[in-house]
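Report on the following structure.
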Amino acid sequence: QDAEPYSWPWQISLQYERDGTFRHTCGGTLIAANWVMTAAHCISKSRTYQVVLGEYDMSSGEGPEQRIPVNSNDIFVHPKWLSFCAACGNDIALMKLQRPAVLSAEVQVGRLPPAGSILPNGYPCMLSGWGLLTTGGSLPDRLQQAELPVVDYEHCTQPDWWGALAIRRTMICAGGAEKAGCNGDSGGPLNCRAEDGTWEVHGIASFVSALGCNAAKKPTVFTRVSAFEDWICHTVIQRYPDAMGIDTERCPDAIGMDTQIA
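163 is the number that the UniProt record's numbering gives to position 163 of the sequence shown; each next residue is one higher, with no gaps.
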């Protein structure tokens, strides 16, 4: 279904240049005023990227959009990511924007969950993105959202679900009924409400079944953000040690704040 405009203000559109125009390829999450988190499989070294924030309807310029270029040497793919093996995990990448986003009602920083946190089976989360509406269908203009309940590791690794070969503990499965992520949603956030009512970004859309986007018992698979917070901190803070003068120990508190990091 169409999302309410700007209800996911940390959702970004990752776009690459082809023939002089930029095209949507993946979603992503703004995690600091000048850092975006997406999926590693969205990144190709040969491409030129820009990030669009404050986007809702791709077919029209509504006003709040910000288009920010990304330098190719400011893109950091997880060192253990293998492009030929999505099921091996580590499908996460960070990009530093050429300039920080201007935060507003329509552009905000997404909160990350506490490191190591794991959601229980059936926990209701929302996927947002501009992915295909149906397998082989068309890309929507407006940002979409779908409620996807978490399928825990024990269920998702059952042989008639994804099975133990495809799923690692560093992943989250969600959905598996009629709603799912699809091509174009990749890299985008799995948004889950914390106990205090705020939204946290628990997942990065990684892969769906080759059988199709909403195959039964094949939930959408996400990179579990809470398994990678050390790497996120390391990537951001190591390169920019004076980042806001934060100490690395407390890094997770610094990410997901409305600040620019170096």
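Beta carbons are placed, not taken as given, at the ideal position from N, Cα and C, and that holds for glycine.
- Around the beta carbon of phenylalanine 228, a 10 Å sphere encloses 16 or more other beta carbons of the protein chains shown; the residue is thus reported as buried.
- Within the segment 157-189, the beta strand (DSSP E) runs of at least 3 residues that lie entirely inside it are, in chain order, 171-174.
- One alpha carbon belongs to tryptophan 10, the other to arginine 142, and they sit about 15 Å apart.
- Taking aspartate 57 as the centre and dropping the five residues before and after it, the same chain places the C-beta of Asp141, Arg142 closer than 7 Å to its C-beta, in chain order.
- For aspartate 230, the number of other beta carbons within 10 angstroms of its own is below 16, and it is reported as exposed.
- In the displayed model, serine 206 falls within a strand according to three-state DSSP.
- For the options Thr29, Thr25, Glu65, the alpha carbon positioned closest to that of arginine 47 is the one of Thr25.
- A Cβ-Cβ distance of about 6 Å is found for the pair alanine 174 and valine 151, placing them in contact under the 8 Å criterion.
- Tyrosine 123 and glycine 20 have their alpha carbons spaced roughly 43 Å apart.
- Look at alanine 87 here: in three-state DSSP terms it is helix.
- In terms of Cβ geometry, glycine 203 and isoleucine 237 do not form a close pair [threshold 8 Å].
- CA-CA distance, glutamate 65 to leucine 103, rounds to 11 Å.
- By a beta-carbon distance limit of 8 Å, isoleucine 31 does not contact alanine 93. Their separation comes to about 12 Å.
- For the set Gly129, Phe22, Gly187, Asn121, the Cα lying nearest the Cα of valine 77 is the one of Gly187.
- DSSP places aspartate 19 outside both helix and strand once states are collapsed to three, so it counts as coil.
- Between aspartate 91 and histidine 41, the C-beta gap is smaller than 8 Å, which places the two residues in contact.
- Excluding its 5 nearest sequence neighbours in each direction, asparagine 191 has C-beta neighbours in its own chain below 7 Å: Trp8, Cys125, Met126, Ser128, Trp199, Val201, listed in chain order.
- Alanine 86 and valine 70 have their C-alpha atoms spaced approximately 24 Å apart.
- Residues of the same chain with a CB within less than 7 Å of the CB of glycine 116, apart from the 5 flanking positions on each side, are Ser226 in chain order.
- For tryptophan 35, the enclosing beta strand (DSSP E) stretches over residues 35-38.
- Counting along the chain, the unbroken beta strand (DSSP E) around valine 77 starts and ends at 75-77.
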